[in-house]
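Asker: Shown below is the structure under consideration.
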Amino acid sequence: MLHEYVDNTFSRNTPKILSFSIALIDPNTSNPRVSFDDEPTNYVVSGWLLKKKRKKLQGWARRWFQLSASGVLSYSTSPASVTRGSIQILVATISINPLQRLIHIDSGTMLYHLKTLNAEDQAKWTNALREFRMLPNNNVSSNNNDEHLQHPTDSCTFPPTPTFEKGEHVLKHYLKEGSDTTSQLMADMEAYMHRIDQLVGQLGLSTAHLAPERKHIMDTMRYQKELWYKAILCCDEEQSAAQPETHMTLPARRELSPFIHSNTSWRGSAISEQYFDAEEILLSDEDEEDESPIVDDTDDDDDEDYDDDDHRLSPLDIKHQACQRRQVLPSPVASAEISALSVIRKNVGKDLSTISMPISMNEPLSMLQRACEELEYSELLDKAAGMSNSMDRLLHVAVFAVSGYASSQHRVGRKPFNPMMNETYENIRPDKGFRFIAEKVSHNPVIIAAHAESTNYKYWQCVKIRSKFWGKSMELINEGTFHVTLTGHDDHITYSKPSSWLRNMIAGNKYLEHAGEMKVVNHTTGEHVVVTFRENTSGSYYLFGSSSRPSNEVIMTAYNAQGHKCRRVVGKWNDMLAEEVNMNPQHLSVLWTATPPTMNDPSKYYGFTQFAIELNEITAIERDKLPKTDSRLRPDLRLYEEGQVEEADQEKVRIEQKQRERRRELEMAGVEWKPRWFKLEHDPYAEKHFQDGRTMTQTWQFVGEYWKARESGQWPNDQFDIW
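Note that full-length UniProt numbering gives residue 40 to position 40 of the sequence shown, counting from 1, and the numbers run on in steps of one.
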């Protein structure tokens, strides 16, 4: 029996040989009529090429490539060594850059970046690939070895020998038997499907019955949350009246917020069977609560820790404690996801962030607001700040870094709005205990700088955002460094994120995949964590696409200051992460679980999480307080969120034209455009050559003036009217 595909997931590096033989044998001659077991593989072209490595900054590796007559391009470390990988060029998109001697081959699930050694090799490989793709009968089932299946002198039919007729009779018998079996299986399957339909109907009734109960519970919890906030405010007012010189508001909120979070956050996502056994999971959160030291409220040191202006937030953070936030967007998706292949195919290998795309490819958030989504699970940093063990703190920061990917699970096919010059975005979250500010600090390339602070931590990033289309896949690139410092500790932790990939953009199952490694380093202790995002290697392969599904698997390995492995965390970036207790994979302690979607079909609202739904809302905290550069005031984004697609598209064109005119005016006046709230400063942990034309250790960092201007309401008079 010939199967549709072969599972090769258990090892990508171990060589395998798969041979097929189909023979019709005349016993009088014992000569096979059809056989292709013993024929050698014919290669159209072979030679040395440079292949770009997967990880950042690893450069190119010299590999031996050979293109077979069946359209398979394979490579190995030497002509005599085993095959390390292969790609079928018949279903791939090939783009060639002759000036740089580059060849990009994208199959939708796999991407090769190749470089020839010289111009002669470039011409040889280009001609071979072009001629092969232009052959009229090229497909997966046809090749240049057809003469082995049928010699020109042979007839297409075989002589009707008695043995052959007997074999034909036996074949018909088995075909009839197989047909009867298939009919029975079909009948059984229909019976099962009928039973499944009945169960689905019963489940729908149960779900409809439970929906009002769930809403009642959620409303009750929100009401209880409001009562907590009001109680906190009352306590603060009484303390302020009794001791006007003592600042106790933020410590009180800090002590209560973990309780509020633990009781208002839904953690109902299913546990992956691959990793977890329900009876083996340790609920480490409860254990650590019991082990936390009891703090004496009369201790003078407790007040001194929070009187430091570097760590204490402004009173503006607690003016609107009982803020109500929306549960759904003003409008579901109003525009069908369109294909922009005609646009992006002309720009293969180029940075798409600088190209104006149809608004229907967007989601109703800006890049600045997407940057704030990294803080959706900021409670992990709050928890890390309260830990005494440096490795525990580092692991929780690493888990926090991975949690930022969870919101991307259902966000396939749309991109955020590109920010305008001097566009900003703020987010003050009393319920989460942080305030956040972001600004576009560079236009080409697009660079986003952001800063967040809490009583428990500081977080900032300076990221260069790029995206490239390779024919069937889109690469989403975040270059830059993320920083975290924790209050009460000397830790300075940094990490940089690997690329993400939008797979199968042309055909097949479209999905988002995060692949590569991320290193999370505590520069104070010398400890680090290597986070590996497992690349998808499973799934069936077909002519018109792939049935692959992303594994979403993450493995985190912690190393002490001496470089020895000491801890390990496993799980999925869209579900949960758990530590292997004492490095035992059978005993797991859950560190984080993703919040499940609040609606049955997230795609109706762009795949947004509840946190993302709230990002563009103007609440009592922001009303009449925002600068005119804030993303919430952007008219094209607001119209698009409300479902007015045509009006939004017109506004988008107008705003982009206004920005181009502003840039020309500045250039003619000889004025250099500069961001308002961030400036270039020394950064010893920055990636090499991050800022083009600048010192390699400079990045854009927050100067702290934004919150002072917001509190006073005195915004700079020379702010651009960017809308």
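Think of the CB as a built atom: it goes at the ideal place given N, C-alpha and C, for glycine as much as any other residue.
(1) Give the secondary structure of residue 189 by DSSP, where H, G and I count as helix, E and B as strand, and everything else as coil.
(2) What are the boundary residues of the beta strand (DSSP E) that residue 64 is part of?
(3) Run through the DSSP bridge pairs and tell me what residue 425 is partnered with.
(4) Ignore the nearest five residues each way along the sequence and tell me which others in residue 594's own chain have a CB closer than 7 Å to its CB.
(5) Within a Cβ cutoff of 6 Å, which residues of the same chain sit near residue 334, ignoring the five residues on either side of it in sequence?
(6) State the CB to CB distance for the pair residue 518 and residue 495, rounded to an integer number of angstroms; the pair is presumed to be in contact (CB under 8 Å).
(7) Between the Cα of residue 62 and those of 394, 478, 443 and 113, spot the shortest distance and give me the residue it belongs to.
(8) When the Cα of residue 441 is compared with those of 502, 560 and 703, which residue comes out closest?
(9) Once DSSP output is grouped into helix, strand and coil, what is the label at residue 145?
(10) Going by beta carbon distance, what residues of the same chain come within less than 6 Å of residue 515, once the five residues before and after it are set aside?
(11) With C-beta atoms as the reference, is residue 453 less than 8 Å away from residue 435?
(12) Let me know if residue 623 comes out buried or exposed under the rule of 16 or more other beta-carbons within 10 Å of its beta-carbon.
(13) Is residue 486 near the ligand MN, judged by its Cβ being under 7 Å from some heavy atom?
(14) Identify every residue that forms a DSSP beta bridge with residue 47.
(15) Which whole-angstrom value describes the C-beta separation of residue 479 and residue 500, a residue pair presumed to lie in contact below a C-beta threshold of 8 Å?
(16) Which first and last residues belong to the beta strand (DSSP E) in which residue 461 is found?
(17) Taking only the alpha-carbon atoms, compute the straight-line gap between residue 697 and residue 461 and give it to the nearest angstrom.
(18) By the DSSP assignment, the beta strand (DSSP E) with residue 88 in it spans what residues?
(19) For residue 714, name the three-state secondary structure that DSSP assigns.
(20) Work out the CA separation of residue 628 and residue 719 for me, nearest whole Å.
(21) For the alpha helix (DSSP H) containing residue 370, list its first residue and its last residue.
(22) Could you say which of 50, 641 and 383 lies nearest to residue 485 if we only look at CA atoms?
(23) Please report how far the alpha carbon of residue 46 lies from the alpha carbon of residue 556, in whole angstroms.
(24) In terms of DSSP beta bridges, what is residue 180 paired with?
(25) Taking Cβ positions, are residue 67 and residue 44 nearer each other than 8 Å?
(26) Starting from the Cα of residue 433, find the closest Cα among 378, 98 and 392 and give me that residue.
(27) Measure from the alpha carbon of residue 400 to the alpha carbon of each residue in 376, 619 and 409, then state which is nearest.
(28) Cα-Cα, which of 85, 73, 198 and 686 is closest to residue 464?
(29) Among the residues of its own chain, which have a CB less than 6 Å from the CB of residue 716, if the five just before and after it don't count?
(30) For residue 528, write down the residues that DSSP places opposite it in a beta bridge.
(31) In whole angstroms, what is the alpha-carbon distance linking residue 444 and residue 585?
(32) Less than 8 Å separating the beta-carbons of residue 332 and residue 565?
(33) Where do the ends of the beta strand (DSSP E) carrying residue 74 lie?
(34) Please classify residue 426: is it buried, with 16 or more other beta-carbons within 10 angstroms of its beta-carbon, or exposed?
(35) How is residue 224 classed by DSSP in three states: helix, strand or coil?
(36) I think residue 393 touches residue 491, with their Cβ atoms under 8 Å apart; what is that distance to the nearest whole Å?
Answerer: So, to answer that:
(1) Reading the sequence shown from its first residue, position 189 is the one you call residue 189. Here residue 189 sits in helix by DSSP.
(2) Here residue 64 refers to the residue found at position 64 of the sequence shown. Start and end: 60-68.
(3) Taking the first residue of the sequence shown as position 1, residue 425 is located at position 425. Looking at the DSSP assignment, residue 425 forms a beta bridge with 438.
(4) Taking the first residue of the sequence shown as 1, we reach residue 594 at position 594. Closer than 7 Å at Cβ, skipping near neighbours: 269, 406, 574, 575 and 576.
(5) Here residue 334 corresponds to residue number 334 of the sequence shown, with the count starting at 1. So the list reads 643 and 645, once near-sequence residues are dropped.
(6) The residue you call residue 518 lines up with position 518 of the sequence shown. The residue you call residue 495 lines up with position 495 of the sequence shown. About 6 Å; that satisfies the 8 Å criterion.
(7) Numbered from its first residue, the sequence shown carries residue 62 at position 62. Ranking 394, 478, 443 and 113 by Cα distance to residue 62 puts 113 first.
(8) One-based indexing of the sequence shown puts residue 441 at position 441. Residue 441 has its Cα closest to that of 703, out of 502, 560 and 703.
(9) As a first step, residue 145 must be located in the sequence shown, where it is residue number 145. Low confidence applies here, because residue 145 scores a pLDDT of 38, under 50, leaving its location unreliable; read the following figure in that light. If DSSP states are grouped into helix, strand and coil, residue 145 belongs with coil.
(10) The residue given as residue 515 occupies position 515 in the sequence shown. Only 533 and 535 meet the Cβ criterion.
(11) Start at 1 with the first residue of the sequence shown, and residue 453 comes out as number 453. Start at 1 with the first residue of the sequence shown, and residue 435 comes out as number 435. Yes, the Cβ-Cβ distance between residue 453 and residue 435 is below 8 Å.
(12) By 1-based counting over the sequence shown, the position of residue 623 is 623. Exposed, since its Cβ has fewer than 16 Cβ neighbours within 10 Å.
(13) Because no ligand of any kind appears in the structure shown, any question about the ligand MN cannot be addressed here.
(14) In the sequence shown, counting from the first residue as 1, residue 47 sits at position 47. 65, per the DSSP bridge assignment.
(15) Counted from its first residue, the sequence shown places residue 479 at position 479. Counted from its first residue, the sequence shown places residue 500 at position 500. With a Cβ gap of about 13 Å, residue 479 and residue 500 do not count as contacting.
(16) Against the sequence shown, residue 461 aligns to sequence position 461. Looking at the DSSP string, the run of the beta strand (DSSP E) that includes residue 461 is 457-469.
(17) The residue given as residue 697 occupies position 697 in the sequence shown. The residue given as residue 461 occupies position 461 in the sequence shown. Spanning the two alpha carbons is a distance of roughly 14 Å.
(18) Along the sequence shown, read from residue 1 onward, the residue named residue 88 stands at position 88. First-last of the beta strand (DSSP E) with residue 88: 85-88.
(19) Numbered from 1 along the sequence shown, position 714 holds the residue referred to as residue 714. In this structure, residue 714 counts as coil in the three-state DSSP scheme.
(20) Position 719 of the sequence shown, counted from the first residue, corresponds to residue 719. Position 628 of the sequence shown, counted from the first residue, corresponds to residue 628. If you take the alpha carbons of residue 719 and residue 628, they lie about 8 Å apart.
(21) As a working note, residue 370 is residue 370 in the sequence shown. Residues 367-372.
(22) Position 485 of the sequence shown holds residue 485. Comparing Cα positions, the closest option is 383.
(23) Start at 1 with the first residue of the sequence shown, and residue 46 comes out as number 46. Start at 1 with the first residue of the sequence shown, and residue 556 comes out as number 556. Distance between the alpha carbons of residue 46 and residue 556: 39 Å.
(24) The residue labelled residue 180 in the question sits at position 180 within the sequence shown. DSSP lists no partner for residue 180.
(25) The sequence position of residue 67 within the sequence shown is 67, counting from 1. The sequence position of residue 44 within the sequence shown is 44, counting from 1. Closer than 8 Å, so yes.
(26) Counting from one through the sequence shown, the residue named residue 433 turns up at place 433. Of 378, 98 and 392, the residue nearest in Cα terms is 378.
(27) Your numbering for residue 400 matches position 400 in the sequence shown. With distances taken between Cα atoms, residue 400 lies closest to 376.
(28) As a working note, residue 464 is residue 464 in the sequence shown. For residue 464, the nearest C-alpha among the options comes from 686.
(29) For the purposes of this step, residue 716 is taken as residue 716 along the sequence shown, with counting starting at 1. The answer is none, since no qualifying residue turns up.
(30) Numbered from its first residue, the sequence shown carries residue 528 at position 528. Bridge partners of residue 528: 521 and 559.
(31) For this step, residue 444 is matched to residue 444 along the sequence shown. For this step, residue 585 is matched to residue 585 along the sequence shown. C-alpha separation (whole angstroms): 46 Å.
(32) Taking the sequence shown and counting its residues from 1, one reaches residue 332 at position 332. Taking the sequence shown and counting its residues from 1, one reaches residue 565 at position 565. No. Outside cutoff.
(33) Counting from 1 along the sequence shown, the entry for residue 74 is found at position 74. Its beta strand (DSSP E) spans residues 72-76.
(34) The residue you call residue 426 lines up with position 426 of the sequence shown. Burial of residue 426 is indicated by the presence of at least 16 other C-beta atoms within 10 angstroms of its C-beta.
(35) The residue given as residue 224 occupies position 224 in the sequence shown. DSSP places residue 224 in helix when its eight states are reduced to three.
(36) Working through the sequence shown from its first residue, we reach residue 393 at position 393. Working through the sequence shown from its first residue, we reach residue 491 at position 491. So it is a contact: roughly 6 Å between Cβ atoms.
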